[in-house]
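Since the structure comes first, as structure tokens, the remarks are kept for the end.
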Amino acid sequence: MDDLLAARLSMGFSLGFHIIFAAIGMTMPFLMSVAHYKYLKTKDEAYLKLTKMWMKGVAILFAVGAVSGTVLSFELGLLWPEFMKWAGPIIGMPFSWEGTAFFIEAVALGLFLYGWNRMNPWIHWMTGLIVGISGFASGIFVVAANAWMNAPQGFKVEQGQVVGIEPLTAMFNPAWFHQSLHMQVAALQAVGLAVAGVHAYLLLKKRNKSIHQKAFLIAMTMAASCSLIQPLVGHFSAQRVAVLQPVKLAAMEGHFETSSQAPLYIGGFPDEEKGEMVGAIPIPGLLSFLAFNDFEAEVKGLNDFPKENWPPVMVVHISFQIMVAIGTLLSLWALIYFFLLIFRKKYPPWFLKITVIFSPLGFIAIESGWITTEVGRQPWIIYEWMKAEEALTSVPGMTYHFYIFLVLYLFLAFMTAWLLKRLVTYYG
Amino acid sequence: MVDLYVNILIFFISASAILYVALGGADFGAGILEWIVPKELKEAQQNVINKAMGPVWEANHMWLIILVVILFMGFPKAFHVIVVSLHFPLVALLVGIVLRGCAFTFRHYDAVKDETSQKAYSFFFSLSSVWSSIWLGVIAASLTRGLLHAKGQDPYEIYLEPWFGLFPFLMGLFTLTIFTFLACSYLIGETRDERLKSYYQKLVPILNIGVVLLGGLVFLSSYLEPTQFMNSFFTSPFSLACLFLASVLFYFIWFYFKYFSFWMVRVVAAAQVSLILMGWFFVHWPNLIETKEGGLSFYEAAAPEPTLKQLVLALVIGSFFIFPSLFYLLNIFKSKQA
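Protein chains in written order, with our numbering: chain A, -10 to 417; chain B, 144 to 481.
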């Protein structure tokens, strides 16, 4: 493994690990707040138990998220010092706001976790909500910084020097809105689904029905609502990518030849050598329509770009397909949920079983979505400005860096799963 | 305007560093104390640490993040040199920080409190507290010793030399002792267990002596260093004043100890450690770091003006949210009634 690959894998693995905890940290407090609100209003002890159960989960997952986030804030510099030297002054602003939001989140979490019976109950409730709001805001800021790497603006380069920096323009780059929106909805969707899955499992086991039914309803409503919105948000995001990063869109869709009436391929694999899709079902004109709302629109193919600037097409295409497939599946599942909720007013065991099986899908979609956007930007670290290899640290032995964090994070992932299992068994 | 922005940022860097050491440092110290406490006091101490640290450790930890963000956004040239030449100690520190935070939280929130896993969490909590404190000291020492180097190709020169040596190692031990001292001074006012209280009362003077002895050794070992840290220190009026005041505060610590005014012990201990930190931090003023090519000043390392302006804005506006909420947090959990 060379240093560049090792650094890439390190970064990818750290982000892939952190994103799960970040998603939970910024959305689960909302679920917790709903349950807590219900308790304060109804004084139903089941809601209190539920709030405390979720709170303990949040405490564990937030801690892992906070420390793995700290690693990332250093790792940007440790692995890509040239990038940070160049981009830090341009794109530091969202990070500084993220730091502020994260700080408030940490303070609010301390107040919420330990503030039972020490504060006015409604102020205490507010602190829980603030954990969610500030976490959500910090998520938006970080994604805005990432969006800048896809759609860089707010600076000029003169004689190799960065000049004319406009941090606000950089932060509100053309990709910030759709990326943030897509990610935040995904976080609500994935976390809601995973939580609903856990409670569906416990309902099937016939444990503490009164608690788990309430939990299932809260989590499912969040997950299912977002699952209906997400295909629209995803579609909007893809249209933005078509304009901002046509080469990424081409890789996502396995689209090699520039054409009008461009087909959308279902399934199949891209053959980079031959420059064609193998084993896919083409639907003529649909890609043109999806990308530009016009069946006749021209969609640029990979062959229009120099091959050294192609991302690894296979990885991008497959991860994109996985994300889209999951998104589609979940929107159908959400429709069934709302149908059952409105017309039947109960959930048959088969629906609970499906929800249990589906519970990791949201996170798998988040991971594949990030692989799509990050690998899809390669070989660039700053799109069309700086390649990843130019940003790499001169420090040798990146392979060791990768293995150290691989072992550490696998260990932590195992530990967290084990702790959550104990938590669920205990409260279940 | 650039100079004004830089000066404001220097204030925020100093404040974050002081708060990280004075608050976060004590959390590291708590982990170290767990290792050295006699068996019969273990449980009492663990309870008081959970109570004292639980609500605040994540907020305390945030100062480090603020520090990093100020560095990479406001002083990118310095950040670049630091992350390249201190790659190894930073990775070591991060591994420690991750394990420490997780072990502490897992211990508290594990739904089943069986002895084996509780012991394992405590072991990792203590081990990573010791480990991280030492590396923090090594990193701090390396910033001033003048061997940072981000340009060469020689692995030894960029990977090992900047931080490897007796001076950084002793600084690591010094940091470890200071953090333990801080934790002791804070926890003494938190506990209601008389045995634990008298144990801390015995420990604090020992740690005080440790701090002085190790501080002396740090100075002496700096003679082996290219930058003659000791000479710089003793020719800097600011650093000397800090050292003098920190020494005077020893008297106050013992005074307040004697009269059981544990709130004042905390305040004085925090002030003392902050003075030591500032004495060290500004020893090469106006340089932020010392590299092989010479010092890199705050003003040279600073980002362009529009960036500085936005960073200052974010920090000033952020302070209006952060400080009141932090004050509220401390008021709820650390007030005399709590």
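Ideal Cβ positions, reconstructed from N, Cα and C, are used throughout, including at glycine.
For A/Thr59, at least one C-beta of chain B is nearer than 8 Å to its own C-beta.
Scanning chain A for C-beta atoms nearer than 8 Å to the C-beta of B/Met216 yields Gly77, Pro78, Gly81, Met82, Phe84, Ser85, reported in chain order. For A/Ile255, the secondary structure class from DSSP, reduced to helix, strand or coil, is strand. Residue range 185 to 196 is occupied by the alpha helix (DSSP H) that includes B/Met196.
With fewer than 16 other beta carbons inside 10 angstroms of its own, A/Met(-10) counts as exposed. Within a 10 Å sphere around the beta-carbon of B/Thr323 sit 16 or more other beta-carbons, which makes this residue buried. Annotated three-state conformation of A/Met108 is coil, per DSSP. Distance check between A/Val120 and each of A/Gly99, A/Thr414, A/Glu379 places A/Gly99 closest, using alpha-carbon atoms only. Shown in chain order are the members of the region 167 to 199 of chain B whose Cβ falls below 8 Å from a Cβ of chain A: Gly197, Pro198, Val199.
In this structure, B/Val408 places its C-beta atom within 8 Å of the C-beta atom of B/Tyr399. The beta carbon of A/Gln228 is closer than 7 Å to those of Ala280 in its chain, skipping five residues each way along the sequence. In the pairwise beta carbon analysis, the region 466 to 474 of chain B is classified as touching the region 86 to 104 of chain A: at least three pairs are separated by under 8 Å. Check the Cα spacing between A/Ser320 and each of A/Thr210, A/Val230, A/Glu64: the tightest is with A/Thr210. Contact between the region 281 to 296 of chain A and the region 177 to 186 of chain A is absent: fewer than 3 CB-CB pairs across the two stretches fall below 8 Å. The DSSP-derived three-state label of B/Met373 is helix. A/Lys30 sits in a helix when the DSSP states are folded into three classes.
If only uninterrupted beta strand (DSSP E) runs of at least 3 residues are considered, those enclosed by the region 220 to 273 of chain A are 253 to 255, 258 to 260, 265 to 267, 270 to 272. For B/Asn430, the beta-bridge partners assigned by DSSP are B/Ser440. Counting C-beta atoms within 10 angstroms of its own C-beta, B/Thr320 has 16 or more neighbours from the protein chains shown and is therefore classed as buried.
A distance below 8 Å between beta-carbons, with the five flanking residues on each side excluded, links A/Trp114 to the following residues of its chain, in chain order: Ser22, His25, Tyr26, Leu29. Counting of Cβ neighbours within 10 angstroms places A/Glu265 among the exposed residues, the total staying below 16. DSSP places A/Lys145 in the strand class (E or B) of the three-state scheme. Within 10 angstroms of the beta-carbon of A/Glu373 lie fewer than 16 other beta-carbons, which makes it exposed. Secondary structure note for A/Ile371: its beta strand (DSSP E) is the uninterrupted segment 369 to 371.
Taking 8 Å as the upper bound for CB-CB distance, B/Leu242 and B/Phe267 are in contact here, some 5 Å apart. Counting only Cβ-Cβ distances below 9 Å, B/His292 has no contacts in chain A at all, with the closest Cβ about 10 Å away.
For A/Met375, DSSP records a beta bridge to A/Ile371. Here B/Phe231 has Tyr302, Leu303, Trp306 as same chain residues with Cβ atoms under 8 Å from its own Cβ, once five neighbours each way along the sequence are excluded. With a threshold of 8 Å between beta carbons, B/Asp253 makes contact with chain A. Comparing alpha-carbon positions, the option among A/Ser216, A/Arg107, A/Phe352, A/Pro141 lying closest to A/Gln234 turns out to be A/Pro141.
The straight-line gap separating the alpha-carbon atoms of A/Lys145 and B/Leu357 is approximately 50 Å. Within chain A, not a single residue places a beta-carbon under 7 Å from that of B/Ala414; the smallest gap is close to 23 Å. The beta carbon of B/Met205 falls within 8 Å of a beta carbon belonging to chain A, placing the residue at that interface.
For A/Pro156, the nearest beta carbon of chain B is closer than 8 Å to its own beta carbon.
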